[in-house]
Amino acid sequence: MKLLREFLTPKRIILFLAVVLFLIFFSRQLITTTLPFLIGLGFAILLEPLIGLLEKHLRLPRGIAVLATLVAVALLTWYTLFLVVGKIISELMDLAALLPLYRETITDLTNEFLGQLERLNESLPPVVSLNIQHSVKEFLLTLEQGTKDLISKVLAAFTSLPVFLLVSLISLVSTFFIAKDKELIVAALMRFVPPALREQVTQTRQRVVIDLFGFIKGRLLMLIIAVLISGVGLFFIGTRYWLLMALAIGILDNIPIVGPGIIFTPWIAVSVLLGNFNRAAYLTFLYLLIFSVRQLSEPKIMGDSVGIHPLIMLLAIYGGVVFFGFLGIFIGPIIAILIRAASLTGLFKLPPYSK
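Everything in the sequence shown is counted per the working numbering, starting at 703 for the first residue and increasing by one.
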């Protein structure tokens, strides 16, 4: 209680409320302004083990170790992005050009299906058949237009290179200075912490950095596993847009509740309707394989990486989405990691459970 009274002074309470109100009213502008620096902070945390390795084994000064790490990672990242983004743009443009053909093919197949249905059941009224054909046509037109709009937005995002380059440059510079002057930044921030709490805050900070690194590493590993399994599987059966589909499946697999079923379920259903039962069976097997690997590996990977129970992490992600929208997928787990770290280091104590 004494530490709490020392920390919660009237001046700090007023300052805290002012900061909260400021964040509420200017959250959008703050996110836009601070995004490159938040990216820089994230990269600095991720690169810290490699920087420490260069400092320890090669005995490089910290500034040179940070610069060498940044240059190597930046070149590798840009080269990978150049290859992947080029392939994605090519597949998106190809898909946009073929959308009308796909719509006509599905429409013809629908008409053929209705014709077979009429032959099986002569009592089907013509008006019902016409209504079904009209509904299918309207749905396909809407789907085609929506897909075209989505592709246009994605391609437009890829063409916004000046903004992307500016954000990338600021992020790289901020990463360099945050990583290089880590101790100076930490020392400056610790001046605002009461002396009695500084040791616990330092331990909490170290715990948060370790857990955040583990969380990001675990998520990236889960993404890579899903992309590799789906990419190899789709390439093996000759899927035309296998890379684009594999990336989409990998991303959706890391979004709770949504999952890759949003792609596989309609794809399997269409394959069955078209009479391609081999493809439907293979896609079902691939979907079950991705699902099984995730269920078996996620508790182990995320548990070893972060140490938070998957149910608590799911609750944090869902709560984050409810309160913060899409960004809550990242904000929720960060809050959970902060609370766990503060509890483990004794910054605040939860009451013990007793039967």
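We put the CB at the ideal spot given by N, CA and C, even for glycine.
Note that the structure is predicted; figures quoted are calculated from it, not measured.
If you run the structure through DSSP and keep just helix, strand and coil, what is residue i?
i: Gly935; result: helix
i: Gly916; result: helix
i: Asp955; result: helix
i: Phe966; result: helix
i: Pro763; result: coil
i: Gly977; result: coil
i: Phe894; result: coil
i: Val960; result: coil
i: Thr779; result: helix
i: Thr1047; result: coil
i: Asp883; result: coil
i: Arg942; result: coil
i: Gly1021; result: helix
i: Gly1030; result: helix
i: Val1008; result: coil
Could you tell me the distance, in whole angstroms, from the CA atom of residue i to the CA atom of residue j?
i: Leu760; j: Leu922; result: 28 Å
i: Leu891; j: Lys884; result: 11 Å
i: Trp780; j: Leu886; result: 30 Å
i: Arg893; j: Ile951; result: 46 Å
i: Leu1060; j: Phe917; result: Shown here, the chain extends from 703 to 1057; a query on residue 1060 therefore has no answer.
i: Trp944; j: Gln997; result: 23 Å
i: Pro738; j: Ser999; result: 32 Å
i: Asn823; j: Leu930; result: For Asn823, the predicted structure reports a pLDDT of 48, less than 50, and the residue's modelled location is therefore unreliable. A value from the coordinates is still provided. The straight-line gap from Cα to Cα measures roughly 46 Å.
i: Thr941; j: Tyr984; result: 12 Å
i: Met1004; j: Glu840; result: 44 Å
i: Leu899; j: Tyr1020; result: 32 Å
i: Phe937; j: Leu740; result: 36 Å
i: Leu719; j: Arg981; result: 58 Å
i: Thr1047; j: Leu975; result: 58 Å
i: Thr967; j: Leu925; result: 20 Å
i: Glu750; j: Phe915; result: 9 Å
i: Phe1063; j: Val775; result: Shown here, the chain extends from 703 to 1057; a query on residue 1063 therefore has no answer.
i: Ile715; j: Ala1018; result: 26 Å
i: Arg1042; j: Gly744; result: 19 Å
i: Gly963; j: Phe1025; result: 25 Å
i: Leu783; j: Leu777; result: 10 Å
i: Leu1016; j: Trp969; result: 27 Å
i: Phe727; j: Lys713; result: 21 Å
i: Leu1040; j: Glu901; result: 16 Å
i: Met703; j: Pro896; result: With a pLDDT of 49 at Met703, under the threshold of 50, the modelled position of this residue cannot be trusted, and the question is left open.
i: Leu732; j: Lys758; result: 37 Å
Among the candidates the options, whose CA atom is the shortest distance from the CA of residue i?
i: Ala889; options: Phe878, Leu976, Thr877 and Val903; result: Val903
i: Leu1013; options: Asn978, Val1024 and Pro1001; result: Pro1001
i: Phe878; options: Gly1027, Leu930, Gly1021 and Val773; result: Val773
i: His1011; options: Ser932, Asp913 and Asn978; result: Asp913
i: Ala746; options: Ala1043, Thr1047, Phe966 and Gly765; result: Gly765
i: Arg909; options: Val1008, Pro968, Ala776 and Thr734; result: Val1008
i: Lys919; options: Val895, Val934, Asn956 and Pro896; result: Asn956
i: Gly961; options: Ser994, Leu732 and Gly935; result: Ser994
i: Thr735; options: Gly1027, Ile872, Leu778 and Pro897; result: Ile872
i: Ala1044; options: Pro897, Phe724 and Val911; result: Val911
Can you tell me the Cβ-Cβ gap for residue i and residue j, rounded? I've got them flagged as a contact below 8 Å.
i: Ala881; j: Val768; result: 5 Å
i: Ala948; j: Ser932; result: 4 Å
i: Leu954; j: Ile965; result: 7 Å
i: Thr771; j: Leu752; result: 5 Å
i: Ser876; j: Gly742; result: 3 Å
i: Ile1031; j: Val1023; result: 6 Å
i: Leu756; j: Leu762; result: 5 Å
Please classify residue i as buried or exposed, where buried requires at least 16 neighbouring CB atoms within 10 angstroms.
i: Ala1038; result: buried
i: Val722; result: exposed
i: Leu868; result: exposed
i: Leu946; result: buried
i: Ile992; result: buried
i: Leu990; result: exposed
i: Thr906; result: buried
i: Ala971; result: exposed
i: Gly754; result: exposed
i: Leu717; result: exposed
i: Gly935; result: buried
i: Thr844; result: exposed
Counting contacts by CB-CB distance shorter than 9 Å, is residue i in contact with chain B?
i: Gly1030; result: In the displayed structure, chain B is absent; only one protein chain is listed.
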